[in-house]
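Chemist: Under our numbering, the letters of the first sequence match residues 4 to 225, in that order.
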Amino acid sequence: MREEKGAWQAAQILHRLAGAYGDPHWWPADSALEVLVGAVLTQSVRWQNVVTAIQRLKAYGPLSEAGLGQMPWPQLTACLRPTRFPNQKAKRLRALLEMIADGRGRTLADFFAADLDHRQALLSVSGVGAETADAILLYAGRSQAFPVDAYTRRIAQRLVGNVVPDHQLRHDTLSQVSSVDGLAQLHGLLVVHGQRHCQARPHCSGCPLAEICVSAELGQTA
DNA sequence: CACCAGGGTGGTT
DNA sequence: AACCACCATGGT
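So this is what it looks like as structure tokens:
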């Protein structure tokens with residue numbers, strides 16, 4: 004059986020999902036630094052747990068690069084307990100803050116303004132992978148980046164009919180959606196959509212992507 | 001009670 | 001390269 008391997012039509016998917024769900028207002032945060040913190044804490048954890056952890060951090064005062072970097076280990080891990088892996092997340096957050104500070108108290112804004120490869124710099128931190136780095140670049144740095152997450156992979160597989168490599172999803176999306184706002188909305192919409200459709204079992208009734216989904220007409224795939 | 005979240009790393013085969 | 005244990009909470 005040959006199926007026309009469809010392509011990943013990012014712009015069209017953005018249009019359809021935006022029409023169905025509206026603007027998801029993804030990644031609410033008071034500051035870019037809060038986005039960065041949330042990006043590490045949200046790894047493999049429900050967002051509500053991250054909210055609780057950030058509230059605990061804020062109980063010590065407004066988030067700041069220096070304040071977070073200097074927070075004592077027991078207090079830091081206590082704040083991060085709701086995020087499943089408090090010790091690991093505390094270590095990752097500290098390593099990231101140290102890279103940002105660069106040994107000279109550099110701020111996050113200065114990091115983004117610096118003339119360097121920001122993606123490579125983020126990826127060089129142990130505990131920061133492609134998805135976390137791209138989330139920080141997009142939502143904290145407001146630069147053109149696209150985080151490929153589990154929802155994106157699953158939805159792409161459903162739509163296209165076969166597994167699409169991460170690098171291709173990222174490249175295709177960036178070449179088809181040029182604005183930062185569009186990229187930011189698309190990622191949020193894919194998560195919102197993924198939480199109702201395209202889960203373990205096909206669930207195509209009422210799906211706003213049904214018309215462009217190769218498995219939509221297959222009914223039940225076992 | 002079992003299941004699983006908006007991942008990434010390091011060690012196995 | 002693919003696979004897997006680990007990390008060790010809180011909601012359904």
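Just so it is clear, CB atoms sit at the ideal spot from N, CA and C, and this is done for glycine as well.
Comparing C-alpha positions only, which one of Arg49, Leu44, Gln12, Val40 sits nearest to Val195?
Modeler: Arg49
Chemist: Is the Cβ-Cβ distance between Ala138 and Val38 less than 9 Å?
Modeler: Closer than 9 Å, so yes.
Chemist: Just how far apart, CA to CA, sit Tyr154 and Ala81?
Modeler: 30 Å
Chemist: Thinking just about the alpha-carbon of each residue, which of Leu71, Ala23, Gly9 is nearest to the one in Leu189?
Modeler: Among Leu71, Ala23, Gly9, the Cα nearest to that of Leu189 belongs to Ala23.
Chemist: Which whole runs of the alpha helix (DSSP H) in the region 110 to 161 are 4 residues long or more, in chain order?
Modeler: 111 to 116, 121 to 126, 133 to 138
Chemist: Cβ of Gly185 within 9 Å of Cβ of Trp29?
Modeler: no
Chemist: Would Leu36 pass as a contact of Leu66 if the rule is Cβ separation under 9 Å?
Modeler: yes
Chemist: With a CB to CB cut of under 7 Å and the five nearest residues on each side skipped, what residues in its chain are close to Gly222?
Modeler: Note on Gly222: pLDDT 48, under 50, position unreliable in the model; no value is reported.
Chemist: Count the other CB atoms within 10 Å of the CB of Val151; is the residue buried (16 or more) or exposed (fewer)?
Modeler: buried
Chemist: Could you give the DSSP three-state label for Gln46: helix, strand or coil?
Modeler: coil
Chemist: Label Val166 either buried or exposed according to how many other C-beta atoms from any shown protein chain fall within 10 Å of its C-beta, with 16 as the threshold for buried.
Modeler: By the neighbour-count rule (16 or more Cβ atoms within 10 Å), Val166 is not buried but exposed.
Chemist: Label Gly41 either buried or exposed according to how many other C-beta atoms from any shown protein chain fall within 10 Å of its C-beta, with 16 as the threshold for buried.
Modeler: With 16 or more other Cβ atoms within 10 Å, it is buried.
Chemist: Look at the alpha carbon of Leu119 and the alpha carbon of Thr176, and state the distance between them as a whole number of angstroms.
Modeler: 23 Å
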